[in-house]
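Number of protein chains: 2
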Amino acid sequence: MIKPDIVFVANLAGVSPATVSRVMNHPELVHPETRRKVELAVEKSGYIRNRAAQAMHGRRSATIGLVVPTVANTIFAEVVQSFNDTVSKEGFTLLLASHGYDLDMEYRLIRKLLEHRVDALAVVGLDHSPGTFRLISGQRVPLLAIWNYLPDSPLPCVGVDNCEAGRLAAEHLVALGHRRIGMVFPATSNNDRARDRKKAATAAFIAAGIELPQRWQITSPYSIAQAKAACLELLEGKDRPSALLCANDVIAQGAIYAAARLGIAVPGSLSVIGIGDFAGSAQMEPALTTVRIPAQRIGTAAGEEIVAAVSRCDPDRMIRRRVELELIMRTSTGLAPELIAAG
Amino acid sequence: MIKPDIVFVANLAGVSPATVSRVMNHPELVHPETRRKVELAVEKSGYIRNRAAQAMHGRRSATIGLVVPTVANTIFAEVVQSFNDTVSKEGFTLLLASHGYDLDMEYRLIRKLLEHRVDALAVVGLDHSPGTFRLISGQRVPLLAIWNYLPDSPLPCVGVDNCEAGRLAAEHLVALGHRRIGMVFPATSNNDRARDRKKAATAAFIAAGIELPQRWQITSPYSIAQAKAACLELLEGKDRPSALLCANDVIAQGAIYAAARLGIAVPGSLSVIGIGDFAGSAQMEPALTTVRIPAQRIGTAAGEEIVAAVSRCDPDRMIRRRVELELIMRTSTGLAPELIAAG
DNA sequence: TAAGAAAATGAAAACATTTGCAAGACTGTT
DNA sequence: AACAGTCTTGCAAATGTTTTCATTTTCTTA
Chain A
43 MIKPDIVFVA NLAGVSPATV SRVMNHPELV HPETRRKVEL AVEKSGYIRN
93 RAAQAMHGRR SATIGLVVPT VANTIFAEVV QSFNDTVSKE GFTLLLASHG
143 YDLDMEYRLI RKLLEHRVDA LAVVGLDHSP GTFRLISGQR VPLLAIWNYL
193 PDSPLPCVGV DNCEAGRLAA EHLVALGHRR IGMVFPATSN NDRARDRKKA
243 ATAAFIAAGI ELPQRWQITS PYSIAQAKAA CLELLEGKDR PSALLCANDV
293 IAQGAIYAAA RLGIAVPGSL SVIGIGDFAG SAQMEPALTT VRIPAQRIGT
343 AAGEEIVAAV SRCDPDRMIR RRVELELIMR TSTGLAPELI AAG
Chain B
43 MIKPDIVFVA NLAGVSPATV SRVMNHPELV HPETRRKVEL AVEKSGYIRN
93 RAAQAMHGRR SATIGLVVPT VANTIFAEVV QSFNDTVSKE GFTLLLASHG
143 YDLDMEYRLI RKLLEHRVDA LAVVGLDHSP GTFRLISGQR VPLLAIWNYL
193 PDSPLPCVGV DNCEAGRLAA EHLVALGHRR IGMVFPATSN NDRARDRKKA
243 ATAAFIAAGI ELPQRWQITS PYSIAQAKAA CLELLEGKDR PSALLCANDV
293 IAQGAIYAAA RLGIAVPGSL SVIGIGDFAG SAQMEPALTT VRIPAQRIGT
343 AAGEEIVAAV SRCDPDRMIR RRVELELIMR TSTGLAPELI AAG
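So the protein sequences, as listed, match chains A and B.
So the first sequence is numbered by the numbering used here: it starts at 43 and just counts up by one.
So the second sequence is numbered by the numbering used here: it starts at 43 and just counts up by one.
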């Protein structure tokens, strides 16, 4: 039993291969009766058309490449999901690659995706190696940066303004009267998202006349376990901040667990704010105050833009779409203890 | 500036296309000096080889299809990640599709992946539509079911025995002396994982002479928010169980948050056990007792098996690999209150 | 240094499809 | 019944590689 190809089906239906091809791609061009015959033959033989041969002809490959740091992280899983849903609805299939925050690896992965002749390419963030930029500009493949928005980004982008996210979080703590503030961020090299958030938050605190002692600025990767460990260390002494601004909700979750372990009341003696509003943040006890980044909306919007970019075939069109942030006040933040004491 | 193809590179290097092809695929066959010349030409022209043309020649497409219910769920994100890491290391790229627990959709997605001539296909679980089985058996593509292990599975599989998972969780509660037991599970049609766990847990309870009143058997999808809501309802009355067996850690997390909201002490007056041991379960307060399903090990093992299946080209070889479960005792379960009262 | 073996290269067929072009088969109009 | 116009369809070229086979070049060894 050999695998049926288009000529096998053509013979079976008593037509030419060209007609079979037309039935698959432009059904309106062929006579309904012929169409029926062909469809029957396709059904009977179990024919499955070969996208590779199709792609080779210069047509669409019907694939879209997506490169993310990791999917094992709630942060990106949601965006991958909704992006996939959106492009899938338009008949595209996702080629997924993850580089684990290694930009050289990212370059190699993008190369691999280009070998597969993806119709378009989406990457996360605006930080990429020079090699990557060179590679892309040489090809005529639409490229979209997702997750980040910048008014003057070098790439088309769909996402949120991380500076604003940092600022919103900081201003919320300031409004609650906090002046002894700690921050928990991952290493910010190669991570423009964390960098922008931290910079803007710092600026907002300075603007409010708040000092940020070095001992309360700590570093932790995006992992609940490591964030909890880092915060345990920060919080166990006498001299601790009254509020913690965390780079994202995963870290904030770690911080809250650390406080719970140490018997520190949240928000009574410690306020914690995150960024992201991931699944579960609303349900925690205490429920996490955070700056919502609408991952689904970003994924969907990015999917729409990339499909649009593929169908109009002008790879150099620059679109920038900004998705709105929103401060979600819940129960993990409250008035600074000093204010409460003062009555 | 036209896109360079293999003959363009060949001319640039002053060799034949065949030689260029050999440099890309079997470098050891060509003279070092020639190789250098060709590599230089590749570099200079920015040539990127066309996998589609390669695949068309009957060679590998170097892609592997993975079909999951969803990736927006911690449950699968981890397994996707480690599976991808493993096959990626061997030069394959992942074609990802998600069907949202809809088996008809799954059929269509698998068709699409076959059109792209994936070298192998991985799906989650053993529940699939008859159409899917027919489709696969017609093709000569290795298929692997991941996540579940069954000694007599109809498909090659790499995963855990969900019956054992349910049994382990149930026996732990029994050993702690609990006799008033509730269970929180999603709908079990089209979900063999949840079904097996529930069946085995039920059997274990019956074997221990424990009755399972209908009012304590509740249904909730895999969502923290919905699980929390469902558990709030179950727990707020006077007549509540002393222990909750949850279909997975996401549901267990919801249950713990519900207890926290109602001021019910865990594990003092309510024990909660999950299944999965997801990221964060160990760090929660109280830390979640659970049956660990080693998602990474499953993903890695599945990746290895599928790569092996591709290189040996015997699509009908039946392998079944079982990954071990482990009961992880933490602080969300404790002795039944009745036993404590009795001293 | 010549013969034979081994290594390196090229020519051309093969892979499964799409599409421009042209020819044949209808339709409706005079 | 002839004509123009519109639908359908088939032919054949083109797409970018890989690989078999044959040929040429280089290396051993006597």
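By construction, the Cβ of each residue, glycine as well, lies at the ideal position given by its N, Cα and C atoms.
Computed from a predicted model, the values in this text were never measured in an experiment.
Just to check my reading of the structure: residue i and residue j have Cβ atoms closer than 8 Å, yes? What is that Cβ distance to the nearest angstrom?
i, j, result
"LEU156 (chain B)", "VAL183 (chain B)", "7 Å"
"THR116 (chain B)", "VAL292 (chain B)", "7 Å"
"SER311 (chain A)", "PRO379 (chain A)", "6 Å"
"LEU186 (chain B)", "PRO198 (chain B)", "5 Å"
"VAL129 (chain B)", "VAL349 (chain B)", "6 Å"
Can you name, in chain order, every residue of its own chain whose Cβ lies under 7 Å from the Cβ of residue i, other than the five neighbours on each side?
i, result
"MET66 (chain A)", "ARG91"
"ASN232 (chain B)", "TYR143, LEU145 and ASP169"
"ARG237 (chain A)", "THR230"
"GLU347 (chain B)", "LEU186, VAL200, ILE361 and ARG363"
"ALA243 (chain B)", "GLY208, ARG209, ALA211, ALA212, MET225 and LEU287"
"ASN204 (chain A)", "ASN190, ARG235, ASP238 and ARG239"
"HIS141 (chain A)", "VAL109, PRO111, MET147, GLU148 and LEU151"
"LEU71 (chain B)", "ARG64"
"ASN53 (chain A)", "none"
"VAL352 (chain B)", "ASP161, ALA162 and PRO184"
"GLY318 (chain A)", "ILE117, ASN290, ASP291, THR332 and ILE335"
"LEU369 (chain A)", "LEU210, HIS214 and VAL333"
"ALA272 (chain A)", "VAL226, ILE260 and SER262"
Looking only at its chain, what residues have a beta carbon closer than 8 Å to the beta carbon of residue i, apart from the 5 residues adjacent to it on each side?
i, result
"TYR89 (chain B)", "PRO46, ASP47, ILE48, PHE50, VAL51 and ALA83"
"LEU177 (chain B)", "TYR149, ILE152, ARG153 and LEU156"
"GLU120 (chain B)", "PHE320, ALA321, ALA337, GLN338 and GLY341"
"LYS240 (chain B)", "GLY208, MET225, PHE227, THR230 and ALA289"
"GLY56 (chain A)", "LYS79"
By Cβ distance below 6 Å, which residues in the same chain neighbour residue i in space, the five residues on each side in sequence not counted?
i, result
"ARG124 (chain A)", "The residue asked about is misnamed: residue 124 (chain A) is Ser in this sequence, not Arg. Around SER124 (chain A): GLN338, GLY341 and THR342."
"TYR299 (chain B)", "LYS270"
"THR331 (chain B)", "ILE315, MET371, ARG372, SER374 and THR375"
"LEU138 (chain B)", "LEU108"
"VAL122 (chain B)", "VAL113"
"GLU206 (chain A)", "LEU367"
Do residue j and residue i count as a contact pair if the criterion is CB distance below 8 Å?
i, j, result
"SER374 (chain B)", "ALA302 (chain B)", "no"
"LEU304 (chain B)", "LEU277 (chain B)", "yes"
"ILE266 (chain A)", "ALA245 (chain B)", "no"
"ILE335 (chain A)", "LEU367 (chain A)", "yes"
"PRO228 (chain A)", "TYR264 (chain A)", "yes"
"ALA285 (chain B)", "SER313 (chain B)", "yes"
"GLY201 (chain B)", "VAL365 (chain B)", "yes"
"MET98 (chain B)", "ALA60 (chain A)", "no"
"ASP161 (chain B)", "SER103 (chain B)", "yes"
"ALA164 (chain B)", "ALA307 (chain B)", "no"
"LEU218 (chain B)", "LEU377 (chain B)", "yes"
"GLY296 (chain A)", "GLN325 (chain B)", "yes"
"THR105 (chain A)", "HIS158 (chain A)", "yes"
For this session: Specify whether the stretch 250–263 of chain B and the stretch 220–234 of chain B touch according to this definition: at least 3 beta carbon pairs, one from each stretch, less than 8 Å apart.
Result: yes
Exercise. Okay, do the stretch 212–219 of chain B and the stretch 246–257 of chain B touch, 3+ Cβ pairs below 8 Å being the bar?
Worked result: Short answer: they touch.
For this session: Residues of the stretch 293–321 of chain A with a CB closer than 8 Å to any CB of chain B: list them in chain order, please.
Result: GLN295, GLY296, TYR299, ALA302, ARG303 and ALA321
Exercise. With a cut-off of 8 Å, do at least 3 Cβ pairs link the stretch 65–79 of chain A to the stretch 103–115 of chain A?
Worked result: no
Problem set entry | Contact list for the stretch 63–96 of chain A against chain B, Cβ threshold 9 Å | GLY88, ILE90, ARG91, ASN92, ARG93, ALA94, ALA95 and GLN96
Exercise. The stretch 357–373 of chain B: which residues have C-beta closer than 7 Å to a C-beta of chain A, in chain order?
Worked result: Along the stretch 357–373 of chain B, there is no position whose C-beta sits under 7 Å from a C-beta of chain A.
For this session: Taking only beta carbons into account, state which residues of the stretch 127–157 of chain B come closer than 9 Å to chain A, listed in chain order.
Result: ASP127, SER130, GLY133, THR135, LEU136, LEU137, LEU138, ALA139, SER140, GLY142, LEU151, ARG153, LYS154, LEU155, LEU156 and GLU157
Exercise. In chain order, what residues of the stretch 105–122 of chain A put their CB closer than 8 Å to some CB of chain B?
Worked result: THR105, THR112, VAL113, ALA114, ASN115, THR116, ALA119, GLU120 and VAL122
Exercise. Residues in the stretch 326–358 of chain B with C-beta within 7 Å of chain A's C-beta atoms, listed in sequence order?
Worked result: MET326 and GLU327
For this session: Compile a chain-ordered list of the residues in the stretch 155–176 of chain B whose CB is closer than 9 Å to at least one CB of chain A.
Result: LEU155, LEU156, GLU157, HIS158, ARG159 and ARG176
Problem set entry | Contacting positions in the stretch 174–194 of chain B - beta carbon closer than 9 Å to chain A | ARG176, LEU177, GLY180, GLN181 and ARG182
Exercise. Using a beta-carbon distance cut-off of less than 8 Å, what residues from the stretch 243–273 of chain A approach chain B?
Worked result: SER265, ILE266, ALA267 and LYS270
Problem set entry | Interface residues of the stretch 212–228 of chain B facing chain A [CB-CB below 9 Å] | Contacts with chain A (Cβ-Cβ distance below 9 Å) from the stretch 212–228 of chain B involve no residue at all.
Problem set entry | Near-chain B residues of the stretch 273–292 of chain A (beta-carbon distance less than 7 Å), N- to C-terminal order | none
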